[in-house]
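Peer 1: Just passing along the structure, written as structure tokens.
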Ligand code: SF4
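In our numbering, the protein residues as written are 1 to 473.
What follows is the structure, encoded as structure tokens:
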């Protein structure tokens, strides 16, 4: 399961903004590994540099030194809409002269096709196959006089998930969609301001966390300081998977440190699904904290029985068939000396298609484990995501096709227990109604029609014209 991007923005006249953006993107690398880019403005024109690859592969001293100015935005991409190629890398510049913006986007616009056709009919041309360019052209197409009203116009028309960093020639904007599906936070640095998908990016560059950008909020940062424009929203729908898996454990969202939330998920699993066992381990790295939580609550000793190869990153070299056949062995190496003869509780974040989990269970068994009891932080995933999480079509989701005992048999575990939705909310310790839980419950925050294939998605006609703060089911 993949998330779709990390965004960053900085307004700091006293700083090397390109370098700050580089290090912030470095901290947000987990949100997207396909391409990385930075755009800056010196008040008259944009400079942009984006390439395929990891942040550390894309930039060097030479490229950073060309990115001059006092304001910058940056982006790490994982493609959910539009293929993985250089022309789709972000930030992208859209428009001409004073009517141009640079844009970095995290999320997924559900009515992008409809808006694309409308804008094409009006004569707007597209260089890419991304919904990000649709957002930018929508803003550019507005006849309103100032940027705030132009962004507001686009927000009234857009359906779906979006957290944006936008750059005009003299201003930085942070925009969070009314549903607030994707996070965006505000920080301060040396008299300037920063925006980031996650607070860990602020920590890495020495910025102070100020607050979350609220759902439906536009923040404008310029020589005049910072201004905020908020709209009333009907329903919030922060993706609960930010807490389960996507965000880094050292990030804080809505005042809740992710590490602690994940530890509480493990504790909840120990309460809901206790089992006699000799050791507990979380599948590294995303379930490490949950494994700790399970061990602390259950009293079963914690152990590290799977060592993850943490230093490979993404490689563009394809493995040959023999190496491919090793499957997850490329990622994890089990420790027979730790696992041999033991009854093991194995904690993981989620089961999506059910392709990886059986391999991990097999790996642990081959290392000598006597029993393997699988515990999963996410409730069974039965519905697809339409908000930018590259998950699966409904017929590919194993929990949509099989009962929990059938999945247990399929993955080859001795027992299988998922955290309940209520247990998950208790662990996150925030109000249930601020979250999207649609992939567990089918209760989407905006009306969608689900087919057995993601391509069958249609937005209900009423949603096309929905006012700001879309009407909910
Ligand atoms: S459907 Fe699931 S993965 Fe998608 S936004 Fe909602 S909670 Fe997140």
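Beta carbons: idealized from backbone N, C-alpha and C, even for Gly.
Quick one: grab the DSSP three-state call for residue 416.
Peer 2: Translated into the one-based positions of the chain shown, residue 416 becomes position 416. If DSSP states are grouped into helix, strand and coil, residue 416 belongs with the strands.
Peer 1: If we count the other Cβ atoms within 10 Å of its Cβ and call it buried at 16 or more, is residue 486 buried or exposed?
Peer 2: An answer regarding residue 486 cannot be provided, because it is not within the stretch 1 to 473 covered by the chain.
Peer 1: Please name the residue, chosen from 344, 310, 439 and 410, that lies closest to residue 389 on a Cα-to-Cα basis.
Peer 2: As a working mapping, residue 389 is identified with position 389 in the chain shown. The residue with the shortest Cα to Cα distance from residue 389 is 439.
Peer 1: Check whether the Cβ of residue 247 lies closer than 8 Å to any Cβ atom in chain B.
Peer 2: Checking the listed chains, one finds no chain B in this structure; it contains a single protein chain.
Peer 1: Going along the chain, which residues put their C-beta within less than 5 Å of some heavy atom in ligand 1?
Peer 2: For ligand 1, the selected residues are 239, 240, 241, 385, 387, 389, 436, 438 and 439.
Peer 1: Please classify residue 379: is it buried, with 16 or more other beta-carbons within 10 angstroms of its beta-carbon, or exposed?
Peer 2: Start at 1 with the first residue of the chain shown, and residue 379 comes out as number 379. Buried, since its Cβ has 16 or more Cβ neighbours within 10 Å.
Peer 1: Just how far apart, CA to CA, sit residue 357 and residue 47?
Peer 2: In the chain shown, the residue the question calls residue 357 occupies position 357. In the chain shown, the residue the question calls residue 47 occupies position 47. Roughly 44 Å between the two C-alpha positions.
Peer 1: What residue range does the beta strand (DSSP E) around residue 332 cover?
Peer 2: The sequence position of residue 332 within the chain shown is 332, counting from 1. From DSSP, the beta strand (DSSP E) with residue 332 extends over 332 to 334.
Peer 1: Pull up the distance between the alpha-carbon of residue 361 and that of residue 434, whole angstroms please.
Peer 2: Locating residue 361 in the chain shown gives position 361, counting from the first residue. Locating residue 434 in the chain shown gives position 434, counting from the first residue. C-alpha separation (whole angstroms): 35 Å.
Peer 1: Work out the CA separation of residue 104 and residue 66 for me, nearest whole Å.
Peer 2: Along the chain shown, read from residue 1 onward, the residue named residue 66 stands at position 66. Along the chain shown, read from residue 1 onward, the residue named residue 104 stands at position 104. When rounded, the distance between both Cα atoms is 19 Å.
Peer 1: Taking only runs that begin and end inside the region 51 to 87, name each unbroken alpha helix (DSSP H) of 4 or more residues, in chain order.
Peer 2: Qualifying alpha helix (DSSP H) stretches, in chain order: 55 to 58 and 61 to 65.
Peer 1: What is the DSSP secondary structure of residue 128, reduced to helix, strand or coil?
Peer 2: The sequence position of residue 128 within the chain shown is 128, counting from 1. If DSSP states are grouped into helix, strand and coil, residue 128 belongs with coil.
Peer 1: So the candidates are 424, 170, 167 and 180; which of them puts its Cα closest to the Cα of residue 155?
Peer 2: Position 155 of the chain shown, counted from the start, is the residue given in the question as residue 155. Checking every option, the nearest Cα to that of residue 155 belongs to 180.
Peer 1: Please classify residue 192: does DSSP put it in a helix, a strand, or coil?
Peer 2: Counting from one through the chain shown, the residue named residue 192 turns up at place 192. Strand at residue 192.
Peer 1: Determine whether the beta carbon atoms of residue 344 and residue 304 lie at a separation below 8 Å.
Peer 2: For the purposes of this step, residue 344 is identified with residue 344 of the chain shown, where counting begins at 1. For the purposes of this step, residue 304 is identified with residue 304 of the chain shown, where counting begins at 1. Taking 8 Å as the Cβ cut-off, residue 344 and residue 304 do not qualify as a contacting pair.
Peer 1: Taking one C-beta from the region 129 to 137 and one from the region 205 to 217 each time, how about it: are there three or more such pairs within less than 8 Å?
Peer 2: No contact exists between the region 129 to 137 and the region 205 to 217.
Peer 1: Whose C-alpha, out of 231, 254 and 8, is nearest the C-alpha of residue 428?
Peer 2: Residue 428 sits at position 428 when you count from the first residue of the chain shown. Checking every option, the nearest Cα to that of residue 428 belongs to 254.
Peer 1: Ends of the beta strand (DSSP E) at residue 163?
Peer 2: On the chain shown, residue 163 is found 163 positions in, with the first residue counted as 1. Unbroken beta strand (DSSP E) run through residue 163: 160 to 167.
Peer 1: Sort 87, 51, 424 and 61 by Cα distance to residue 261 and report the nearest one.
Peer 2: Walking along the chain shown from the start, residue 261 turns up at place 261. The option with the nearest alpha carbon to residue 261 is 424.
Peer 1: Where does residue 199 land, buried or exposed, given buried means 16+ other C-beta within 10 angstroms?
Peer 2: Numbered from 1 along the chain shown, position 199 holds the residue referred to as residue 199. By the 10 Å Cβ count, residue 199 comes out buried.
Peer 1: Among residues of its own chain, excluding the 5 on either side of residue 126, which ones have a beta-carbon nearer than 6 Å to its beta-carbon?
Peer 2: On the chain shown, residue 126 is found 126 positions in, with the first residue counted as 1. The residues are 133.
Peer 1: Mind checking whether residue 115 and residue 76 have CB atoms under 8 Å apart?
Peer 2: To locate residue 115, count along the chain shown from 1; it is residue 115. To locate residue 76, count along the chain shown from 1; it is residue 76. No, these two residues do not count as a Cβ contact at 8 Å.
Peer 1: Tell me, please, which residues DSSP counts as bridged to residue 47.
Peer 2: Stepping through the chain shown from its first residue, residue 47 is reached at position 47. Partner(s): 40.
Peer 1: Could you say which of 413, 402 and 16 lies nearest to residue 365 if we only look at CA atoms?
Peer 2: Mapped onto the chain shown, residue 365 falls at position 365. Comparing Cα positions, the closest option is 413.
Peer 1: May I have the straight-line CA-CA distance separating residue 387 from residue 337, to the nearest angstrom?
Peer 2: Here residue 387 is taken as the residue at index 387 of the chain shown, counted from 1. Here residue 337 is taken as the residue at index 337 of the chain shown, counted from 1. If I take the Cα positions, the gap works out to 43 Å.
Peer 1: Expressed to the nearest angstrom, what Euclidean distance is found between the alpha-carbon atoms of residue 40 and residue 100?
Peer 2: Along the chain shown, read from residue 1 onward, the residue named residue 40 stands at position 40. Along the chain shown, read from residue 1 onward, the residue named residue 100 stands at position 100. In a straight line, the C-alpha of residue 40 is about 13 Å away from that of residue 100.
Peer 1: Determine the extent of the beta strand (DSSP E) in which residue 426 is found, giving its start and end residues.
Peer 2: Walking along the chain shown from the start, residue 426 turns up at place 426. Looking at the DSSP string, residue 426 is not in any beta strand (DSSP E); the run it does join, the alpha helix (DSSP H), is 421 to 428.
Peer 1: Alpha carbon to alpha carbon, what distance is there between residue 293 and residue 282?
Peer 2: Taking the first residue of the chain shown as 1, we reach residue 282 at position 282. Taking the first residue of the chain shown as 1, we reach residue 293 at position 293. Approximately 9 Å, taken between the alpha carbons.
Peer 1: Would DSSP call residue 29 helix, strand or coil?
Peer 2: Taking the first residue of the chain shown as 1, we reach residue 29 at position 29. In this structure, residue 29 counts as helix in the three-state DSSP scheme.
Peer 1: How big is the Cα-Cα spacing for residue 151 and residue 350?
Peer 2: Taking the first residue of the chain shown as 1, we reach residue 151 at position 151. Taking the first residue of the chain shown as 1, we reach residue 350 at position 350. One C-alpha to the other measures close to 36 Å.
Peer 1: On the DSSP letters alone, give me the boundaries of the alpha helix (DSSP H) that residue 296 sits inside.
Peer 2: For this step, residue 296 is matched to residue 296 along the chain shown. 288 to 298 is the extent of the alpha helix (DSSP H) around residue 296.
Peer 1: Going by the beta-carbon positions, is the gap between residue 32 and residue 73 smaller than 8 Å?
Peer 2: As a first step, residue 32 is located in the chain shown; it is residue number 32 there, counting from the start. As a first step, residue 73 is located in the chain shown; it is residue number 73 there, counting from the start. No, they are not a contact pair.
Peer 1: Helix, strand or coil for residue 149 per DSSP?
Peer 2: As a working mapping, residue 149 is identified with position 149 in the chain shown. Residue state, collapsed to three classes: helix.
Peer 1: Report the rounded CA-to-CA distance for residue 190 versus residue 302, giving the unit in angstroms.
Peer 2: The sequence position of residue 190 within the chain shown is 190, counting from 1. The sequence position of residue 302 within the chain shown is 302, counting from 1. Their backbone Cα atoms lie some 42 Å apart in a straight line.
Peer 1: Which residue or residues does DSSP assign as beta-bridge partners of residue 308?
Peer 2: The sequence position of residue 308 within the chain shown is 308, counting from 1. Answer is 332, bridged to residue 308.
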